[in-house]
Amino acid sequence: MPALVMGVLNVTPDSFSDGGRHLDHVAAVAHGRRLLAEGADLIDVGGESTRPGAEPVPEAEELRRVVPVIEALAAETRVSVDTRKAAVAHAAIDAGATLVNDVSASLHEVAAERGVGWVAMHMQGEPRTMQLAPGYDDVVAEVRDALVAAAQRARDAGVTEIWIDPGIGFGKTAEHNWTLLAHLDALVATGWPVVVGTSRKGFLGAALAAADGVDEPVPTDDRLAGSVATATWAIAAGAGMVRVHDVTATVLASRLVAA
Ligand code: HH2
């Protein structure tokens with residue numbers, strides 16, 4: 005079966021690649037429908053940017069951003085909620101979300117209580133400060149061991165659908181990101197299904213610029229080739245799901261790898 009493609013829908017003013025584009029609920033739902041028409045298997049709705057340096061969003065504001073959008077889209081497809089807050093996860097589930105995409109890897113009890121799936125993503129530190137000085141002795145082993153421990157906690161709490169995600173760009177240098185991608189097999193070998201999100205991230209902007217011989221990182225909208233190449237790489241290494249902004253090309257890539 006081809007790897008699942010999770011389409012990103014950020015209902016935020018400040019997300020690094022699509023911030024401000026879908027703040028209005030009507031525009032957000034329309035964009036979610038477009039991602040579905042492009043072949044997304046599920047839509048990941050988020051109301052708080054977790055880009056490096058981002059300030060936390062108050063709970064009421066995050067609820068206001070995501071709940072109406074989830075309500076509309078959940079009638080048409082599977083929806084995950086990208087949040088670090090238990091109250092937002094609960095409200096999203098009430099609105100129809102069936103997967104908690106948890107960049108804090110701490111909401112497994114919500115998933116257990118409500119009988120929904122859970123993505124445990126690895127992050128060193130928190131978004132405001134995570135890129136100041138990320139450090140590991142052995143990034144692959146440390147990320148793997150933290151994720152396996154989180155998955156086991158969730159299983160013990162009663163969650164039945166558990167995904168692990170190395171958290172590309174979350175408290176990691178570009179070199180950490182590339183090392184994790186090069187050794188994704190170590191995550192796949194744990195037996196827990198793996199999600200990977202590289203889409204339009206900064207390390208791709210830098211690598212694409214270097215490939216072109218320029219100093220300035222390639223802007224987010226021009227990172228398609230890097231996003232699809234790394235999603236394809238992740239799928240070939242055994243990832244079961246990729247989280248992407250550019251759905252059409254990634255769905256084709258996923259089908260090609262399966263073929
Ligand atoms: N990356 C981002 C957000 N959520 N969730 C998972 N499971 N894995 C990821 O790699 C991941 C994620 C960051 O990307 P984006 O949503 O595009 O930007 P922002 O955080 O600025 O809204």
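So the sequence shown is numbered by this note's numbering: it starts at 5 and just counts up by one.
For each residue, glycine too, the CB sits at the ideal point set by N, CA and C.
Model, not experiment: these values are computed from the prediction.
In the three-state reduction of the DSSP assignment, Leu103 falls in the strand class, which pools E and B.
Taking C-beta atoms as the reference points, Gly121 and Leu77 fail to come closer than 7 angstroms. About 5 angstroms separates the beta carbon of Thr254 from that of Val248, a gap short enough to meet the 8 angstroms contact definition. Residue pairing by DSSP puts Asn14 in a beta bridge opposite Gly50. The beta-carbon distance between Val73 and Val15, rounded to whole angstroms, is 6 angstroms. This is short enough to meet the 8 angstroms contact definition. Residue environment for Gly175: buried (at least 16 other C-beta atoms within 10 angstroms of its C-beta). Secondary structure note for Arg247: its beta strand (DSSP E) is the uninterrupted segment 245 to 248. For the pair Val30 and Leu67, the CB atoms are not nearer than the 7 angstroms cut-off. With three or more CB-CB distances shorter than 8 angstroms, the stretch 121 to 137 counts as touching the stretch 160 to 180. In this structure, Ala44 keeps its C-beta atom at 7 angstroms or more from the C-beta atom of Val83.
In the DSSP assignment, Asp169 forms a beta bridge with Met125. According to the DSSP assignment, Val222 belongs to no beta strand (DSSP E), since it is labelled neither H nor E. In chain order, Gln128, Gly129, Gly175, Lys176, Thr177, His180 place their CB closer than 8 angstroms to the CB of Pro138, counting only its own chain and leaving out the 5 sequence neighbours on each side. Separation of the CB atoms of Val222 and Gly209 is rounded to 5 angstroms, and the pair is thereby assigned contact status at 8 angstroms. Collapsing the DSSP output to three states places Ser231 in a helix.
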